[in-house]
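Take 9 as the starting number for the sequence shown in my numbering and just add one per residue.
Think of the CB as a built atom: it goes at the ideal place given N, C-alpha and C, for glycine as much as any other residue.
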Amino acid sequence: MKIGPKYKICRRLGDRVFSKCQTTKFTVSGTNRKRTGKRRQTVSEFGQQLLEKQKVRYTYGVSEKQFGNYVKAVKKNQKRENNPATEFYQALESRLDNVVFRAGLVNSRIFARQLVSHGHVMVNGRRMTVPSHRLRIGDKFSIRPQSKDKGMFAFFTENQKNYQLPQWLSFDEKSLAGEIKGLPVLSDDPAALNFKAILEFYSRV
9 MKIGPKYKIC RRLGDRVFSK CQTTKFTVSG TNRKRTGKRR QTVSEFGQQL
59 LEKQKVRYTY GVSEKQFGNY VKAVKKNQKR ENNPATEFYQ ALESRLDNVV
109 FRAGLVNSRI FARQLVSHGH VMVNGRRMTV PSHRLRIGDK FSIRPQSKDK
159 GMFAFFTENQ KNYQLPQWLS FDEKSLAGEI KGLPVLSDDP AALNFKAILE
209 FYSRV
């Protein structure tokens, strides 16, 4: 997925959807301030839903086509245990690139996607190069033995000191291996992205 100027996108969406925007530089630059003018623009319900869709799409780094496919899959599921919004959230959180990011191996989903695409990650003992691969409960992921000495992992242990791992993941810092222990819970996500609004948006287009 090709992404344009990240500061500009964060400013337009009114949210820090990229790690580049989650810095002191971004804060003090004033780029994160909302534009003000003589005319106050009122955002319609449809416009707000569109905004939420773009926030989530950029947060997870998913293309428009992929994003639409996730929505279609949720709508097709007639025998669900969870509500559609939760199911949508779990599908995105269970992507391999997101799991690598949530495990704290890298500081952004973009970096995580590159890590997977370049073949540094294994799933259930096999090399996996598909960032969108969905992991299930019981699946194990790890860094390839040949990749463990790479410079990108040199400061991993240091970076992990203040990192809080999601409850649905387990990860061993020494072996650089983890396991999916449960399902992501939407209410536990501090980002508070509005998945329900996104589904409502797609029901109108």
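Over the uninterrupted alpha helix (DSSP H) stretch that includes ASP105, give me the two end residues.
First-last of the alpha helix (DSSP H) with ASP105: 104–110.
Candidates LYS80, ASP105 and LEU104: closest to GLU95 by CA position
Of the candidates LYS80, ASP105 and LEU104, the one whose C-alpha sits nearest the C-alpha of GLU95 is LYS80.
Could you tell me which residues DSSP puts in a beta bridge with ARG65?
Beta-bridge pairing links ARG65 to no other residue.
For PHE149, which residues does DSSP report across the bridge?
Note: PHE149 sits in a beta bridge opposite VAL131 and GLY186.
Which of the three DSSP states, helix, strand or coil, is assigned to LEU177?
In this structure, LEU177 counts as strand in the three-state DSSP scheme.
Which same chain residues end up closer than 7 Å to LYS156 when comparing Cβ atoms and leaving out the 5 residues on each side of it in sequence?
If the five residues before and after LYS156 are omitted, its C-beta is found closer than 7 Å to the C-beta atoms of LEU184, all from its own chain and listed in chain order.
Excluding sequence positions up to five away, which residues of its chain have a Cβ less than 8 Å from the Cβ of TYR171?
Correct list, in chain order: GLY112.
Answer yes or no: do ILE206 and GLU60 have a C-beta to C-beta separation smaller than 8 Å?
Result yes, Cβ atoms of ILE206 and GLU60 sit closer than 8 Å.
For ARG212, which beta-bridge partners are listed by DSSP?
Secondary-structure assignment with DSSP links ARG212 through no beta bridge to anything.
In angstroms, rounded to a whole number, what distance separates the CA positions of GLY76 and ARG65?
For GLY76 and ARG65, the distance between alpha carbons rounds to 10 Å.
Please classify ARG144: does DSSP put it in a helix, a strand, or coil?
In this structure, ARG144 counts as coil in the three-state DSSP scheme.
Can you tell me the Cα-Cα spacing of GLN181 and ARG152, whole angstroms?
Reading off the sequence, residue 181 comes out as Glu, not Gln. The C-alpha of ARG152 is placed about 14 Å away from the C-alpha of GLU181.
In or out: LEU238 buried (at least 16 other Cβ within 10 Å) or exposed?
Because the chain in this structure spans residues 9 to 213, residue 238 falls outside the shown range and cannot be described.
Taking buried to mean at least 16 other C-beta atoms within 10 Å of its own C-beta, is GLN154 buried or exposed?
Exposed.
Residue range of the alpha helix (DSSP H) that THR94 falls in?
Looking at the DSSP string, the run of the alpha helix (DSSP H) that includes THR94 is 92–101.
Whole-angstrom distance between SER211 and GLU53, CA atom to CA atom
Approximately 13 Å between the Cα atoms of the pair.
Between which two residues does the alpha helix (DSSP H) harbouring VAL124 extend?
For VAL124, the uninterrupted alpha helix (DSSP H) run begins and ends at 117–125, by DSSP.
Does the distance from the C-beta atom of SER71 to that of ARG103 stay below 8 Å?
Cβ distance not < 8 Å, so SER71 and ARG103 don't count as in contact.
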